[in-house]
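Per the working numbering, the very first residue in the sequence shown carries number 81; after that it's consecutive.
Note that CB positions come from ideal geometry on N, CA and C, so glycine has one too.
I have placed the structure first, in the form of structure tokens, so that the comments after it can refer back to it.
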Amino acid sequence: EEKVTLVELAAGSPKKYTPMWKAAGVKVLHKSATIRHALKAQEAGVDIIEIVGYEGSIAGGQPGDEVGAWVLLAKATSMLKVPVVAAGASGTGRQLAAALAMGAQGVTMATRFVCTVEAPIDQKIKECMMRPEVDERQTTIVLGTLSNATRVFKNGVSQEIRQIENKGDVDFSEVMPLASGSRTKKMWQETGDTQDAMWSCSQSLGLISDIPTCKELLRRMVSEAEERLNRGAQCIVASKL
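Written out as structure tokens, the structure reads:
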């Protein structure tokens with residue numbers, strides 16, 4: 081009765097599987113952290129490009145790809161022919177309005193949804209995320225030397241990973257005990273100890289100040305976006321020349 085209507089891909093070429101999914105009537109969205117990857121994904125036949133700024137948890141992917149959403153989105157919407165969705169530290173209606181004004185079809189969010197009533201994680205993590213002192217500066221980049229740059233919460237674990245990486249010529253086995261998924265899963269589901277695991281999050285931490293329901297969050301965002309777009313439209317005046 082129900083079917084998969086859209087798949088999201090990242091960290092690789094969508095070329096191999098796109099024809100199969102499209103033949104089944106499935107829309108294909110590719111998450112791209114660079115313009116070059118977005119162009120290749122478009123060439124491979126994807127339906128939508130999700131362009132991710134350096135502010136997000138993907139954080140570029142490789143050294144040299146540290147470009148923010150403000151530049152990436154403007155370039156993507158001017159160069160790509162397929163619809164574009166903005167990603168990377170989104171969490172407010174102001175950002176939604178800006179993305180729409182720049183030509184995107186909308187925004188995607190991850191970190192902001194983690195701090196909602198419905199998110200199935202330990203309540204202590206949500207309370208940590210909404211604290212005033214946990215702002216946009218409370219993230220750091222790890223695994224960049226392994227060509228898998230990821231933005232994570234700044235704590236003792238992520239700082240230790242960075243120290244290991246700074247030694248140079250690092251093998252993943254050296255950081256695996258710190259970066260393991262089982263350790264992070266234990267934090268999410270059992271301990272709620274935000275200081276004892278490597279966990280992904282974007283700079284949207286600085287935009288979080290409450291724990292709303294998803295419905296409340298989205299209604300608030302839409303209302304704010306409408307207000308900002310209407311305010312922007314009022315700035316357009318007919319020239320007297």
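Requested in this report: Would you identify the three-state DSSP class for R308, choosing helix, strand or coil?
Outcome: In the sequence shown, counting from the first residue as 1, residue 308 sits at position 228. For R308, the three-state secondary structure derived from DSSP is helix.
**Report entry** Among C315, V317, E307 and N246, the one whose alpha carbon lies nearest that of R174
**Finding:** Counting from one through the sequence shown, the residue named residue 174 turns up at place 94. When each option's Cα is compared against that of R174, the closest is E307.
Query raised in the report: Hey, how far is the Cα of K234 from the Cα of Q218?
Result: For the purposes of this step, residue 234 is identified with residue 154 of the sequence shown, where counting begins at 1. For the purposes of this step, residue 218 is identified with residue 138 of the sequence shown, where counting begins at 1. Looking at the two C-alpha atoms, the distance is approximately 5 Å.
**Report entry** Euclidean distance between Cα positions of T98 and L109
**Finding:** Start at 1 with the first residue of the sequence shown, and residue 98 comes out as number 18. Start at 1 with the first residue of the sequence shown, and residue 109 comes out as number 29. Each residue's CA atom was taken as its position, placing T98 and L109 some 10 Å apart.
Query raised in the report: When you compare each of T85, V147, L298 and A318 to G186 by their alpha carbons, which one comes out closest?
Result: By one-based count along the sequence shown, residue 186 stands at place 106. Taking only the C-alpha atoms, the option nearest G186 is L298.
Query raised in the report: Of the choices Q275, M256, F252 and W279, whose alpha-carbon is the least far from that of K265?
Result: Here residue 265 corresponds to residue number 185 of the sequence shown, with the count starting at 1. For the residues Q275, M256, F252 and W279, the minimum Cα distance to K265 belongs to W279.
Requested in this report: Keeping to the same chain, check which residues put their C-beta closer than 7 Å to that of P163; ignore five residues upstream and five downstream.
Outcome: As a first step, residue 163 is located in the sequence shown; it is residue number 83 there, counting from the start. The beta carbon of P163 lies closer than 7 Å to those of I128 and Q185 in the same chain, with the five residues before and after it left out.
Query raised in the report: Since T191 is in the alpha helix (DSSP H), which residue starts that stretch and which ends it?
Result: Counting from 1 along the sequence shown, the entry for residue 191 is found at position 111. That run of the alpha helix (DSSP H) goes T191 to V194.
Requested in this report: Any chance you could list the alpha helix (DSSP H) runs of at least 4 consecutive residues sitting entirely within the segment 154 to 225, in chain order?
Outcome: Listed in chain order, they are 173 to 181, 191 to 194 and 203 to 209.
Query raised in the report: Roughly how many angstroms lie between the CA atoms of V214 and A104, to the nearest whole one?
Result: Within the sequence shown, residue 214 is the residue found at index 134, counting from 1. Within the sequence shown, residue 104 is the residue found at index 24, counting from 1. The straight-line gap from Cα to Cα measures roughly 44 Å.
Report task. Could you tell me which residues DSSP puts in a beta bridge with H117? Result -> For this step, residue 117 is matched to residue 37 along the sequence shown. According to DSSP, which records beta bridges pairwise, H117 is partnered with nothing at all.
Query raised in the report: Do G136 and T157 come within 8 Å of each other at the CB atom, strictly closer than that value?
Result: For the purposes of this step, residue 157 is taken as the residue at position 77 of the sequence shown. For the purposes of this step, residue 136 is taken as the residue at position 56 of the sequence shown. For the 8 Å CB-CB criterion, T157 and G136 do not form a contact.
Query raised in the report: The beta strand (DSSP E) spanning V232 covers which residue range?
Result: Within the sequence shown, the letter at position 152 stands for residue 232. For V232, the enclosing beta strand (DSSP E) starts and ends at T230 to F233.
Query - Whole-angstrom distance between K295 and L226, CA atom to CA atom - result: In the sequence shown, residue 226 corresponds to position 146, counting from 1. In the sequence shown, residue 295 corresponds to position 215, counting from 1. L226 and K295: Cα-Cα distance of roughly 38 Å.
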